[in-house]
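S.K.: Next up is a structure, given as C-alpha cells.
There are 2 protein chains.
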Amino acid sequence: MKSADDFKIKMILGLFTVDKGKLKVLLFKKAGEPYKGYWVLPWKPFTYNETFQSNTDILIKEHIGLDEVYTETFKAFDDKETVLTDPVVHVTTIGLTDIASASYQRKEIEGRESDWFPLESLPKLAYNHEEVLESMFTYLKRKLRDSEMISLLFPSDFTLPELQTFCEQIEGKELDRRNFRKKILALSILEDTGDKSESASGRPARLYKFKEGISQINLF
Amino acid sequence: MKSADDFKIKMILGLFTVDKGKLKVLLFKKAGEPYKGYWVLPWKPFTYNETFQSNTDILIKEHIGLDEVYTETFKAFDDKETVLTDPVVHVTTIGLTDIASASYQRKEIEGRESDWFPLESLPKLAYNHEEVLESMFTYLKRKLRDSEMISLLFPSDFTLPELQTFCEQIEGKELDRRNFRKKILALSILEDTGDKSESASGRPARLYKFKEGISQINLF
DNA sequence: ACAAAAGTGTTGCCAGTACACCCATGA
DNA sequence: TCATGGGTGTACTGGCAACACTTTTGT
C-alpha cells in the first residue's frame, strides 16, 4: 500500500520565445479527455534516475527537438483542484529560445498539434496552466529588466523596432521610437550586422545582434 | 514495492527579516548526524492531506510561533548529491516578517538552538542549503526593487538610516545619506510616527512607517 | 565640551522626454 | 508617386550626484 507521503511529480515546461517582438509560449493541444481540445504546456513525469535538468532536457528534446536550451527551475505548484485526492506535484521550468532555432527544429516534430501563442491571446488552457503561465510571465517581466537573459530570446539578427515592441510589452507602455534607439545604441550592447530586414512594406530595418560576452544588460 | 517515480517531498522555508537594516534569515542548529553542529533552514515533510500553503503555515507555527506570515512558493530543488539514490525533492518557500513580530514570538519557542543570521555572515550550512539561500537572496534582491513587499520586512517604526542600510545591501553600493532622504521622502510612501529611536550614541533618529494602501514601491 | 550619528540646502550635470522631418522600399 | 514604416537631430527639463555644515543626544 502506498504511503501517505509519496508523490508523483510532473515536470511542466514554459518554453518562451520572441517572434516579431512578441513574447510567445509553446502549447500543445490535448487530444483526449479530460480537457479535450484545450491546450497544455508540455510536460512529462519526473523519474528519479534523472535530475530536474536531465528530465527537462528530455522534455525539450521530445517536444520541440532542441538541444541546449537555456532553462531554469521555477516554482512548484500543488494543483488546488486535485492535491487532496491525487498526490501530484507540479515542478515547473522556464525555458528560453530564439524563434530562429525554434522554427528550424519544429519541422522535424510531427503528429501533435502545437503552436506558439502570444501571451496576450492565449487559447483555453487545461488544468492550472493559466495560473502557471501567469506566474511565469510576472517573473519574466521582472527578471528580463536587469539580466542578460533577454539576449537568449533574440536570434542573431533582429530589428530595433522588434526589440522596442518587446520592451513595450514588458514595460506595459508605449515608448518613443527615437528615444528608444538613442538609449539602446548608447548602451553599446548591440552590433550592426550590416544586413537589412525584408520589409513587407516601408523601409527595411537594420538587423542587429547582441554583442558576445555582455554580462549585464539593463534596458530599462 | 515502491514505484520508481514516487517521491518524498520536503518543504524548506527561508524566513527573512530586517534587523537594524540588515537582512537576516532564521536558522536552526542540527543536533544529530549527519551534519551535526551545522545549521539548517527550517523544514518539514510534505504530507498530502495538506496543501503547500497549509504545510508552510504549520512549519512556521512550529518553528517560530507566528501566524499570518507572508509567504510565497519558491523553486524546487533536487539535491544533486542524493537525488539518484534517495528520491527526495525539496520544495522551498520564502517568508517575510518584521523583526518586531518575530522577536516577540520567539520567546515562546524553546528547546532548539536557533538564531537570525545576516546573509553576509552565515554559519556552516548543511545539505544544499547554502545553494538554496543564495538562490533566494538573488530572487529577493530583484523582487524587492519594484514591489511593495519591502514593507513586510519593516516594523511599524523604523529609521531612515536603517532603511538606507537595507537599500545599500540590496543595491550593493553605498548611498549618499542626504540624497537618499530626499528621494525616499519625495515618494510620499512614509509616515512620520512622531517618535524617535533610542540612540546608543549620537542624535536619535525619527521613526517612520510605511503608509497604508501603498500598492507600488519603487525605491531604486 | 566632546564624540557620535541624524538632519538640512544648493548647485551642476546628464539622462530622459518631447517633438518634426527625411529616407528607403513595395505597390 | 504614394503609402508605409525606419532612421536622425535638437532643445528642454527634472531627477540624481556631489558636497559641508548644523542639530541632538549620551558621556
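Protein sequences appear in the order of chains A and B. Residues in the first sequence are numbered from 1 upward in steps of one, following this note's numbering. Residues in the second sequence are numbered from 1001 upward in steps of one, following this note's numbering. Just so it is clear, CB atoms sit at the ideal spot from N, CA and C, and this is done for glycine as well. These numbers were taken from a predicted model, which means no experiment stands behind them.
For lysine 1010 of chain B, collect the residues of the same chain with a Cβ closer than 8 Å to its Cβ; drop the 5 residues on either side in sequence, then sort them by chain order.
M.R.: Trp1043, Lys1044, Pro1045, Phe1046, Val1088, Val1089, His1090, Val1091
S.K.: Starting from the Cα of valine 1132 of chain B, find the closest Cα among B:Glu1171, B:Ile1012, B:Pro1155, B:Asp1005 and give me that residue.
M.R.: B:Ile1012
S.K.: Any beta carbon from chain B within less than 7 Å of phenylalanine 7 of chain A's own beta carbon?
M.R.: yes
S.K.: Is the Cβ-Cβ distance between arginine 142 of chain A and arginine 1142 of chain B less than 7 Å?
M.R.: Contact: yes.
S.K.: Does any C-beta atom of chain B lie closer than 7 Å to the C-beta of threonine 47 of chain A?
M.R.: yes
S.K.: Using a Cβ-Cβ cut-off of 7 Å (strictly less than) and excluding sequence neighbours within five positions of histidine 1129 of chain B, which residues of its own chain qualify?
M.R.: Val1040, Leu1041
S.K.: From tyrosine 1038 of chain B to glutamate 168 of chain A, what does the alpha carbon distance come to, in whole angstroms?
M.R.: 48 Å
S.K.: Exposed or buried, what is phenylalanine 1154 of chain B when buried is set at 16 or more other beta-carbons lying within 10 Å of its beta-carbon?
M.R.: buried
S.K.: Just to confirm, are isoleucine 1099 of chain B and aspartate 1019 of chain B a CB contact at a threshold of 7 Å?
M.R.: yes
S.K.: Starting from arginine 1142 of chain B, find everything on chain A with Cβ-Cβ shorter than 9 Å and list it in chain order.
M.R.: Arg142, Lys143, Arg145, Asp146, Ser147
S.K.: Enumerate in chain order the residues of its own chain whose CB-to-CB distance from phenylalanine 1180 of chain B is below 6 Å, with the five nearest sequence positions on each side excluded.
M.R.: If we look at phenylalanine 1180 of chain B and ignore the five residues flanking it on each side, its Cβ neighbours are Gln1164.
S.K.: May I have the straight-line CA-CA distance separating leucine 175 of chain A from aspartate 1057 of chain B, to the nearest angstrom?
M.R.: 43 Å
S.K.: Would you call glutamate 1134 of chain B buried or exposed, if buried means 16 or more other Cβ atoms sit within 10 Å of its Cβ?
M.R.: exposed
S.K.: Pick out whichever of B:Ile1060, B:Leu1219, B:Leu1152, B:Leu1026 has its Cα sitting closest to the Cα of serine 1121 of chain B.
M.R.: B:Leu1026
S.K.: Assuming the contact rule is C-beta atoms closer than 8 Å, leucine 160 of chain A and tyrosine 127 of chain A should be a hit. Round their C-beta distance to whole Å, please.
M.R.: Their Cβ separation, rounded to whole angstroms, is 39 Å, which puts leucine 160 of chain A and tyrosine 127 of chain A out of contact at 8 Å.
S.K.: Our contact map puts phenylalanine 1007 of chain B next to aspartate 6 of chain A with C-beta atoms below 8 Å; I'd like the distance itself, whole angstroms only.
M.R.: 7 Å
S.K.: Can you pull the DSSP bridge partners for valine 69 of chain A?
M.R.: For valine 69 of chain A, which the question treats as bridged, DSSP gives no partner whatsoever.
S.K.: Once you ignore the five residues that flank glutamate 1162 of chain B on each side, which residues in its own chain have a CB closer than 7 Å to its CB?
M.R.: Lys1020, Gly1021
S.K.: Roughly how many angstroms separate the alpha carbons of phenylalanine 158 of chain A and glutamate 191 of chain A, rounded to a whole number?
M.R.: 11 Å
S.K.: So is isoleucine 1094 of chain B buried or exposed if we call it buried at 16+ other beta carbons inside 10 Å?
M.R.: buried
S.K.: On the three-state DSSP scale, how would you describe arginine 97 of chain A?
M.R.: Here residue 97 of chain A turns out to be threonine, not arginine, going by the sequence shown. Coil, per DSSP.
S.K.: 7 Å is my cut-off, CB to CB: does phenylalanine 52 of chain A come that close to chain B?
M.R.: yes
S.K.: Just how far apart, CA to CA, sit serine 1156 of chain B and phenylalanine 1210 of chain B?
M.R.: 7 Å
S.K.: In chain B, which residues lie with their C-beta within 7 Å of the C-beta of threonine 73 of chain A?
M.R.: Lys1075, Ala1076
S.K.: Can you have a look at glycine 1014 of chain B and say buried or exposed, based on whether 16 or more other CB atoms are within 10 angstroms of its CB?
M.R.: buried
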